[in-house]
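From first to last, the protein sequence lines are chains X and W. Just so we're on the same page, my numbering is the position in the first sequence counted from 1, plus 2. Just so we're on the same page, my numbering is the position in the second sequence counted from 1, plus 2. C-beta: ideal position from N, C-alpha, C; glycine also. What follows is one structure encoded as structure tokens, with my remarks underneath.
There are 2 protein chains.
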Amino acid sequence: MAQRSQPVTSVGKMRCISCRDEYLASDAGTCKECYEEASETEEELKREIEDLKSKISFLTWLSPVDDHHRPSSVLSFTDVVLVATDDQSPPVPAHKAILVSRSPVFKAMLESEMEESRSGTIKISDVSYNVLRSFVHYLYTAEATLDENMALDLLVLAERYQVKHLKAYCEQFMTSKVNGENALISFAFANQHNAKHLMEASLSMVMDNMDKLTKQDEYKELVEKDPRLVVGIYEAYLSKQVNTAAVATEYL
Amino acid sequence: MAQRSQPVTSVGKMRCISCRDEYLASDAGTCKECYEEASETEEELKREIEDLKSKISFLTWLSPVDDHHRPSSVLSFTDVVLVATDDQSPPVPAHKAILVSRSPVFKAMLESEMEESRSGTIKISDVSYNVLRSFVHYLYTAEATLDENMALDLLVLAERYQVKHLKAYCEQFMTSKVNGENALISFAFANQHNAKHLMEASLSMVMDNMDKLTKQDEYKELVEKDPRLVVGIYEAYLSKQVNTAAVATEYL
């Protein structure tokens with residue numbers, strides 16, 4: 003009781019303004035002024051986020067393809083359709099102005115006298131109806147529901163039509179899913195589609211599992227298909243070992 | 003020197019992790035753990051802001067009217083023009099799909115068999131060419147360069163075409179500009195256009211300057227034009243005085 007009534011300083015304990023717990027001087031964080039400043043900054047950042055979200059909601063189009071891939075009623079003034087040529091699926095309606103604004107490839111296609119511009123039909127090969135709908139939905143809303151396959155397919159499409167924002171979005175998702183099992187496939191995929199972050203993350207994961215590398219079926223396939231890429235893995239591994247050894251020597 | 007070599011606790015001083023200054027226990031803010039958590043939160047919020055900004059930049063259309071009100075080259079596939087009927091100005095081109103997506107009034111107009119839908123021309127009265135261009139620019143980009151007059155004109159237009167986001171944007175700007183000089187006009191304007199925040203801010207400013215109220219020309223005009231609104235000011239003032247008196251009595 004006597005201790006409690008003494009000023010906090012004399013027992014070296016203070017009460018944290020944020021969590022309300024007592025702490026020792028050795029666990030001190032900030033002074034009051036900096037705490038208040040930080041709280042204000044946080045409030046300001048949160049307000050900015052609210053403003054940006056409201057701006058996004060204003061700018062987002064109602065997509066002619068909705069989240070659940072059902073036909074949407076928002077088809078006002080569409081003037082072009084996209085068709086997946088691989089299956090007998092219905093055309094996906096869209097606005098030329100949106101396609102042109104989102105993709106330099108569509109821009110070149112639709113603003114010239116190309117076949118697509120005249121017919122109002124854009125044929126897209128090597129893509130399923132579902133992926134095409136997700137692609138169009140993203141062009142209107144900057145949103146997509148991803149799983150590993152969808153991310154892979156959309157990244158390929160985003161690269162083909164130079165929709166950078168979507169490519170980065172898929173790449174970020176795929177990078178978060180890299181593991182010991184899929185690292186080699188991811189690395190080969192990233193290399194093929196020039197996805198730098200995914201390439202780094204998967205190469206790093208491959209190198210963390212070098213003992214299992216040659217036992218994988220995918221490894222044998224890759225040696226067959228793209229031996230140079232496999233050489234790249236070994237070179238990176240060797241360079242990492244040399245660096246590690248150099249650092250270790252420094253500390254000897 | 004002896005003091006310096008002692009642990010910080012014994013002299014009751016600590017060093018702030020954030021500003022690096024020494025402080026006394028009585029000026030303590032947070033513990034270390036909470037400081038680190040707050041820093042992480044700040045980093046996360048900043049990352050979120052970056053993501054949102056990149057999304058906005060993807061979703062923003064190149065406007066057919068650029069910031070400096072020069073004709074823009076981005077006029078692909080426009081299918082409607084807006085015309086300010088008050089002056090002999092050129093039509094402002096736009097996309098029906100954009101107008102419909104941003105304004106329920108344009109939606110009703112263009113999706114029905116109204117004159118505007120058939121002719122592809124929307125006539126807008128009581129608006130200058132410059133204001134109309136800024137209005138259209140905002141529909142594409144959620145951005146406008148405001149001064150007091152532009153904010154006022156755009157708010158009126160935003161209300162007429164039910165573009166809530168723009169109305170809120172103008173109202174926020176006008177609220178930040180309320181002062182003793184313009185409070186009465188702002189209050190009358192806000193009342194006429196149902197701008198609640200601006201109404202509150204300007205009423206509060208009017209009440210802070212009650213001694214000058216009846217001396218203003220605008221006051222006489224308002225009594226002439228809308229005496230009920232002036233009664234509203236007096237009622238609010240009286241109610242505030244009564245409340246202030248009640249609080250004062252409580253502390254007696």
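Just grab the DSSP bridge partners of residue i for me.
| i | result |
| --- | --- |
| residue 134 of chain X | In DSSP, residue 134 of chain X forms no bridge with anything. |
| residue 25 of chain X | X:16 |
| residue 95 of chain X | X:83 |
| residue 34 of chain X | Note: residue 34 of chain X sits in no beta bridge, so no partner. |
| residue 55 of chain X | Paired residue(s): none; residue 55 of chain X is not in a bridge. |
| residue 125 of chain W | W:85 |
Can you find the residues in the same chain that come closer than 6 Å, C-beta to C-beta, to residue i, ignoring five residues on each side of it along the sequence?
| i | result |
| --- | --- |
| residue 108 of chain X | 101, 102 |
| residue 175 of chain X | 148, 153 |
| residue 3 of chain W | With a pLDDT of 37 at residue 3 of chain W, under the threshold of 50, the predicted position of this residue should be treated as unreliable, and no value is reported. |
| residue 73 of chain X | Because the pLDDT of residue 73 of chain X is 42, which lies under 50, any placement of that residue in the model is unreliable, and the question is left without a value. |
| residue 18 of chain X | 25 |
| residue 146 of chain W | 136, 140 |
In chain W, which residues lie with their C-beta within 7 Å of the C-beta of residue i?
| i | result |
| --- | --- |
| residue 57 of chain X | 58, 144 |
| residue 37 of chain X | 31, 32 |
| residue 16 of chain X | 27, 30 |
| residue 61 of chain X | 58, 61, 62, 144 |
| residue 203 of chain X | Going along chain W, no residue has its Cβ under 7 Å from residue 203 of chain X, so there is no contact; the nearest lies around 18 Å. |
| residue 247 of chain X | The contacting residues do not exist; residue 247 of chain X stays about 34 Å from chain W at best. |
Under 7 Å Cβ to Cβ from residue i, same chain only, skipping five residues before and after it: list those, please.
| i | result |
| --- | --- |
| residue 70 of chain X | With a pLDDT of only 48 at residue 70 of chain X, under the threshold of 50, the placement of this residue in the model should not be trusted, and no figure is reported. |
| residue 105 of chain X | 163, 164, 165 |
| residue 193 of chain X | 201, 231 |
| residue 225 of chain W | 232 |
| residue 249 of chain W | none |
Kindly list, in the order they appear in chain W, the residues whose Cβ is closer than 9 Å to that of residue i.
| i | result |
| --- | --- |
| residue 139 of chain X | What residue 139 of chain X touches in chain W: nothing, since even the nearest Cβ is about 13 Å away. |
| residue 81 of chain X | 79, 81, 99 |
| residue 192 of chain X | Under the 9 Å cutoff, chain W gives no residues; its nearest Cβ is about 21 Å from residue 192 of chain X. |
Among the options, which has the Cα closest to the Cα of residue i?
| i | options | result |
| --- | --- | --- |
| residue 53 of chain W | X:168, X:190, X:192 | X:168 |
| residue 238 of chain W | W:173, W:43, W:210 | W:210 |
| residue 184 of chain X | X:16, X:30, X:214 | X:214 |
| residue 203 of chain W | W:84, W:55, W:177 | W:177 |
| residue 217 of chain X | X:135, X:182, X:27 | X:182 |
| residue 63 of chain X | X:113, X:242, X:138 | X:138 |
| residue 128 of chain X | X:89, X:99, X:141, X:115 | X:89 |
| residue 130 of chain X | X:251, X:37, X:45, X:159 | X:159 |
| residue 85 of chain X | X:42, X:136, X:46 | X:136 |
| residue 133 of chain W | W:99, W:16, W:156, W:253 | W:156 |
| residue 78 of chain W | W:96, W:197, W:145 | W:96 |
| residue 208 of chain W | W:227, W:235, W:57 | W:235 |
| residue 195 of chain X | X:34, X:33, X:240, X:173 | X:173 |
| residue 38 of chain W | X:20, X:190, X:186 | X:20 |
| residue 83 of chain W | W:57, W:151, W:114, W:121 | W:121 |
| residue 29 of chain X | W:144, W:25, W:16 | W:16 |
| residue 24 of chain X | W:18, W:32, W:22, W:24 | W:32 |
| residue 228 of chain X | X:250, X:197, X:190 | X:190 |
| residue 223 of chain X | X:35, X:187, X:87 | X:187 |
| residue 140 of chain X | W:34, W:150, W:57 | W:57 |
| residue 98 of chain X | W:247, W:81, W:22, W:244 | W:81 |
| residue 180 of chain W | W:206, W:116, W:94 | W:206 |
| residue 197 of chain X | X:220, X:47, X:170 | X:170 |
Just to confirm my understanding: we take residue i, look at its own chain, exclude 5 residues before and 5 after, and list those with CB closer than 8 Å. What are they?
| i | result |
| --- | --- |
| residue 111 of chain X | 118, 119, 124 |
Mind listing the chain W neighbours of residue i? Cutoff is C-beta to C-beta under 8 Å, in chain order.
| i | result |
| --- | --- |
| residue 21 of chain X | 32, 33, 35, 36 |
Using the beta-carbon of each residue, which ones in chain X are nearer than 8 Å to residue i?
| i | result |
| --- | --- |
| residue 47 of chain W | 44, 47, 48, 51 |
| residue 89 of chain W | Ordered by position in chain X, no residue passes the 8 Å Cβ test against residue 89 of chain W, which lies about 28 Å from the chain. |
| residue 250 of chain W | Neighbours of residue 250 of chain W on chain X: none; closest Cβ ~31 Å, over 8 Å. |
Along chain X, in chain order, which residues have C-beta atoms closer than 7 Å to that of residue i?
| i | result |
| --- | --- |
| residue 54 of chain W | 51, 54, 55, 58 |
| residue 86 of chain W | Result: empty, since nearest Cβ-Cβ is about 23 Å, beyond 7 Å. |
Against residue i, what residues of chain X qualify as contacts under a CB-to-CB distance less than 9 Å, listed in chain order?
| i | result |
| --- | --- |
| residue 78 of chain W | 98, 99, 102, 103, 109, 112, 113 |
| residue 197 of chain W | Result: empty, since nearest Cβ-Cβ is about 17 Å, beyond 9 Å. |
Determine which residues of the segment 96-116 of chain W have a Cβ less than 7 Å from any Cβ of chain X, and write them out in chain order. 97, 98, 99, 102, 103, 113
Proximal residues, the segment 149-172 of chain W versus chain X, C-beta separation under 7 Å: 167
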